[in-house]
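K.L.:
One structure follows; several queries about it will come next.
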Amino acid sequence: MALRRIRAVVRKEWKVLRRDRFYLLIAIIMPMVTMILMGYGITYDVKNLRLGVLDLDRSTESLQFVDAFSASGYFRLAVQALRPDDLDQAMVAGRIGVAVVIPPGFSRALHRGRPAEAQILLDGSLPTRAEIARGYVGAIVAQFNRGRLDALSLRLPAGASEVGPSIDVISRVWFNPTLESKNFLVPGLLMLSLLFWAPALVSLSVTREKESGAILNVQTVPLARWEYVAGKLIPYTGITFAAYWLLVLATVTLFRIPVKGSLVVLSLGALLYVTAITAVGLLISMLVRTQVAALLTSTVLVFAVGLFYSGWMEPVSTLEPSGRLLSRALPTAYFGELSRGVILKGLGVQAYGRTLLLLALYVSVYVSLAILAFRKRRR
Amino acid sequence: MRLLALVGKEIRTFFRDLALVFVVFFLFIVHPSQSASQVMGTLKNYPVAVYDLDRSQSSAAFVQQLRAPYFEIRRRIQREAELVALLERGDASVVVVIPEGFARRIHQDRPATVQVISDGTYSVTSQRAGAYVTAIAHEFADAQRRTPAHQGALPIVDARIRMRYNPLLQTDWPAGLSMLLEAVTIVSMLLPAAFMVREKEQGTIEQLLVSPLRPWEITASKLVPMMLLTVGATLISLQVLVWAFDLPVRGSLALFLGATALMVFSMGGIGLVVATTTRTLPSALLLSFMLVIPILFLSGNFTPVEAMPPWQNYLTLLSPQRYYLGLGYGILLKGASFTSLWKDFLGLLFVGGAFFGMGVHRFQRQFG
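Protein sequence lines, in the order shown, are assigned to chains A and B.
To convert, count from 1 in the first sequence and add 1; that's this note's numbering.
To convert, count from 1 in the second sequence and add 22; that's this note's numbering.
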């Protein structure tokens with residue numbers, strides 16, 4: 002009997018979805034569009050940073066030094082300043098992120114065999130970019146100096162260049178040897194693209210009934226709370242799960258990232274994850290009254306927890322304790338880890354059996370909360 | 023007078039929806055502070071595992087150098103199998119291996135090696151961590167030299183790196199500020215679009231149309247309250263960031279609030295376009311959500327604009343957030359004045375004006 006009533010709710014929901022095609026289109030297509038946009042759109046390889054130069058020495062050496070920057074490929078000469086003020090202005094206006102100032106006497110010091118000073122100014126208002134730039138600057142200057150010393154030691158007697166012990170650092174990268182940011186991004190995007198849309202859609206559908214008053218029908222008919230929740234959960238989970246398959250298709254064909262591990266584990270994980278986040282959307286819609294509030298709440302959840310505490314860009318283990326706690330509010334971090342592991346590392350059920358159980362736990366907690374929060378009578 | 027009544031009505035509607043008030047509070051106050059207290063984008067207490075095969079004094083001394091604030095040693099590995107499991111499970115994403123003979127080679131003045139194995143599935147952070155290990159290794163080698171190299175006397179370039187505007191490269195207030203700027207964008211687009219479509223859907227817009235209000239007054243009545251609300255919330259949020267994280271306000275606060283008002287007007291224009299193209303509230307909200315994502319991603323906050331491929335670089339010119347970000351950082355953190363930022367102001371005015379014009383035009387055609 003319960004089954005029949007659930008089926009009725011599902012069928013009604015399906016009819017609503019068919020009537021508003023735009024809605025259905027969004028539910029199925031948008032996750033893939035999000036993935037494609039972000040997959041192609043985000044790069045972490047910072048190149049062509051705009052460089053400003055103030056060369057007060059105008060010598061062969063100073064030209065060589067500036068050339069070392071533009072030849073590296075990381076910097077692009079954007080402003081050739083004549084006065085210190087010009088450089089300042091350019092940095093304040095954001096036209097350059099890095100500036101090199103070469104004081105007069107630069108080449109004279111070098112010719113006399115003494116170190117010459119050069120000033121590098123970095124725009125620290127975007128810390129990530131500044132830090133990357135600092136790394137590049139350090140490497141370029143070190144290389145430039147090594148080149149100069151090598152050229153000098155050729156003129157010294159053999160063996161005189163011996164400067165003591167050194168340590169070579171050999172880097173080996175596992176699972177993604179070419180360090181392509183695409184390989185690192187896409188499994189995370191699988192988690193993120195699903196998260197962007199499912200909670201929004203389901204919470205809108207419930208609050209719409211609240212605003213139009215249609216929910217009164219649901220509240221007066223002999224329909225148990227859990228039956229209503231199940232009837233809402235099934236169609237939206239189904240649609241989002243269909244979107245998941247499109248995402249997998251895009252991963253394999255468009256981004257050319259094969260699923261190394263078990264597709265069954267990945268899909269099972271995805272099904273649990275999608276159910277859990279749809280239940281989160283339901284829970285939100287039970288707690289708020291209007292559609293605007295529902296959408297904003299789920300947007301906040303997606304942007305705040307999804308983008309910053311999901312281990313999407315940086316491993317969860319690097320977060321502060323409070324952030325680590327927050328990352329556990331949604332199953333995003335667990336599913337992200339699973340998708341990364343299965344797709345790139347080729348792991349299967351042995352590694353992620355526990356994660357699957359945890360995802361199931363999220364499902365049961367959020368579904369129960371949604372059922373409890375759904376009141377048949379307004380107090 | 024009539025306009026004032028309408029503005030009052032809009033503000034009352036907003037405050038009646040408690041969940042909405044809470045979300046805006048969260049977006050403007052809680053979220054910026056919370057993300058400011060998280061360290062992102064720089065290396066801090068990065069978890070590493072160490073596999074020391076040399077077990078010598080030198081290797082122990084080297085491991086000692088992998089310490090706070092950059093690294094935190096989470097595990098000391100004893101067997102090879104442990105290393106594999108650790109990386110596979112993702113419990114550590116960087117393992118530093120010190121091979122046998124490390125100490126011997128150092129004492130003999132021969133180059134020693136250290137191996138860094140990183141989890142490439144987090145390519146950005148592992149690369150960063152690898153770079154830091156390299157820097158630490160070079161420093162360590164320099165310190166081991168019994169005869170210090172006379173660097174002071176060598177004809178090399180001594181590069182003095184200086185961080186402008188943020189000497190310690192703090193991530194807290196820039197992160198908080200970027201969240202605040204994002205909140206402005208999201209709220210100032212979603213709310214006008216939503217309130218407008220809701221009136222359309224419920225039919226109350228017909229009442230407004232038959233009232234003696236002119237169409238521009240109806241449009242203004244949706245945008246002015248949002249402007250007041252957003253500017254007010256921004257001001258409070260800034261106060262919180264200044265108070266809690268010592269966010270330096272170096273430029274003119276009035277100029278920044280002016281930029282914020284201009285931004286609200288631009289995003290409201292997009293909201294107006296959305297409201298006139300959709301019939302129902304959910305479609306309007308979803309369409310705005312669809313537009314907000316690219317607007318935020320094309321701002322240069324996630325990927326620096328200059329690092330984008332050319333086609334994308336041109337697309338950023340359409341995103342109001344790009345200009346607003348430049349203005350916000352420029353005015354607040356760098357103390358820029360109008361004269362150095364007029365290009366961003368002009369860009370925002372142009373893009374915002376175009377969307378606004380489009381929205382008003384469509385509105386007139388629909389209801390005029």
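Beta carbons: idealized from backbone N, C-alpha and C, even for Gly.
Report yes or no: do three or more beta-carbon pairs, one from the stretch 291–310 of chain A and one from the stretch 192–200 of chain A, lie closer than 8 Å?
P.N.:
Yes, since at least three Cβ pairs between the stretch 291–310 of chain A and the stretch 192–200 of chain A fall closer than 8 Å, the two stretches touch.
K.L.:
Would you mind working out which of A:R22, A:V138, A:A215 sits nearest G74 of chain A, comparing C-alpha positions?
P.N.:
Comparing Cα-Cα distances from G74 of chain A to each of A:R22, A:V138, A:A215, the minimum goes to A:V138.
K.L.:
Between T333 of chain A and chain B, is there a C-beta pair that is closer than 7 Å?
P.N.:
With 7 Å as the cut-off, T333 of chain A does not count as an interface residue toward chain B.
K.L.:
What distance in whole Å lies between the Cβ atoms of D141 of chain B and L109 of chain B, which are believed to be in contact at a cut-off of 8 Å?
P.N.:
About 5 Å separates the two Cβ atoms, so the contact holds.
K.L.:
Could you check whether F145 of chain A and A69 of chain A sit closer than 7 Å to each other, using their CB atoms as the reference points?
P.N.:
Yes. Within cutoff.
K.L.:
At the 7 Å Cβ level, is Q351 of chain A part of the contact set with chain B, yes or no?
P.N.:
With 7 Å as the cut-off, Q351 of chain A does not count as an interface residue toward chain B.
K.L.:
Measure from the alpha carbon of L340 of chain B to the alpha carbon of each residue in B:V327, B:L363, B:L303, then state which is nearest.
P.N.:
Taking only the C-alpha atoms, the option nearest L340 of chain B is B:V327.
K.L.:
Would you tell me roughly how many angstroms separate the C-alpha atoms of E94 of chain B and L193 of chain A, rounded to the nearest one?
P.N.:
Whole-angstrom Cα-Cα distance: 29 Å.
K.L.:
Rounded to a whole number of angstroms, what is the C-alpha to C-alpha distance between Y245 of chain A and A271 of chain A?
P.N.:
Each residue's Cα considered, the two are about 7 Å apart.
K.L.:
Start and end of the beta strand (DSSP E) containing Y335 of chain A?
P.N.:
Looking at the DSSP string, Y335 of chain A is not in any beta strand (DSSP E); the run it does join, the alpha helix (DSSP H), is 333–341.
K.L.:
Kindly indicate if chain B contains any beta-carbon less than 7 Å away from that of W15 of chain A.
P.N.:
No, W15 of chain A lies away from the interface with chain B (no Cβ there is under 7 Å from its Cβ).
K.L.:
Could you give the first and the last residue of the continuous alpha helix (DSSP H) run that contains V301 of chain A?
P.N.:
292–302 is the extent of the alpha helix (DSSP H) around V301 of chain A.
K.L.:
For Q56 of chain B versus T207 of chain B, is the C-beta distance shorter than 7 Å?
P.N.:
Not closer than 7 Å, so no.
K.L.:
My output table needs one value for R109 of chain A: the three-state DSSP class, helix, strand or coil.
P.N.:
R109 of chain A: helix per DSSP, three-state reduction.
K.L.:
For M36 of chain A, name the three-state secondary structure that DSSP assigns.
P.N.:
Of the three classes helix, strand and coil, the one that applies to M36 of chain A here is helix, per DSSP.
K.L.:
Where does E212 of chain A fall in DSSP's three states?
P.N.:
Correct three-state label for E212 of chain A: helix.
K.L.:
Please decide whether V286 of chain B counts as near chain A, where near means a Cβ-Cβ distance under 7 Å.
P.N.:
Not one chain A Cβ lies under 7 Å of V286 of chain B.
K.L.:
Between I37 of chain A and A251 of chain A, how many whole angstroms is the CB-CB distance? I'm expecting something under 8 Å.
P.N.:
Contact flag correct, Cβ pair sits at about 7 Å.
K.L.:
Roughly how many angstroms separate the alpha carbons of D89 of chain A and V101 of chain A, rounded to a whole number?
P.N.:
Each residue's Cα considered, the two are about 11 Å apart.
K.L.:
Between which residues of its own chain and V275 of chain A is the CB-CB distance below 7 Å, once the five residues before and five after are set aside?
P.N.:
So the qualifying residues of the chain are L195, A199, T238, T241, F242, Y245.
K.L.:
Kindly give me the distance between the Cβ atoms of D131 of chain B and P116 of chain A, rounded to whole angstroms, as I take these residues to be in contact under 8 Å.
P.N.:
Going by Cβ atoms, the distance from D131 of chain B to P116 of chain A rounds to 24 Å, so no, they are not a contact pair.
K.L.:
Tell me where the beta strand (DSSP E) around G354 of chain A begins and ends.
P.N.:
From DSSP, G354 of chain A is part of no beta strand (DSSP E) but of the alpha helix (DSSP H) over 350–374.
K.L.:
Check the Cβ of R173 of chain A against every Cβ in chain B and list those closer than 8 Å, keeping chain order.
P.N.:
Q137, V138, I139, S140, listed in chain order.
K.L.:
Quick one: is E228 of chain B buried, meaning 16 or more other Cβ sit within 10 Å of its Cβ, or exposed?
P.N.:
That one is exposed.
K.L.:
From the DSSP output, which residues share a beta bridge with G53 of chain A?
P.N.:
According to DSSP, which records beta bridges pairwise, G53 of chain A is partnered with A:V80, A:A100.
K.L.:
Measuring only the C-alpha atoms, how far is L347 of chain B from M330 of chain B?
P.N.:
Computed Cα separation, rounded: 16 Å.
K.L.:
Could you give the DSSP three-state label for G160 of chain A: helix, strand or coil?
P.N.:
Bear in mind that a pLDDT of 44 at G160 of chain A, under 50, signals an unreliable position, so the model cannot answer this.
K.L.:
Would you say A161 of chain A lies against chain B (beta-carbon separation less than 7 Å)?
P.N.:
Confidence at A161 of chain A is low in this model, with a pLDDT of 41, below 50, so the placement of that residue should be treated as unreliable; the coordinate-derived value is given next. Not closer than 7 Å to any Cβ of chain B, the Cβ of A161 of chain A fails to qualify, so no.
K.L.:
Quick one: does Q120 of chain A have its CB under 7 Å from some CB of chain B?
P.N.:
Yes, because at least one Cβ of chain B sits closer than 7 Å to the Cβ of Q120 of chain A.
K.L.:
Would you mind giving the Cβ-Cβ distance between S59 of chain B and E321 of chain A, rounded to the nearest angstrom? I have them listed as a contact below 8 Å.
P.N.:
Right, their Cβ atoms sit about 7 Å apart.
K.L.:
If contacts are defined as beta-carbon pairs under 8 Å, then G273 of chain B and L354 of chain B qualify, I think. What distance do you get, rounded to the angstrom?
P.N.:
Indeed they touch by this definition, with Cβ atoms about 6 Å apart.
K.L.:
Mapping the DSSP letters down to three states, classify V72 of chain B as helix, strand or coil.
P.N.:
If DSSP states are grouped into helix, strand and coil, V72 of chain B belongs with the strands.
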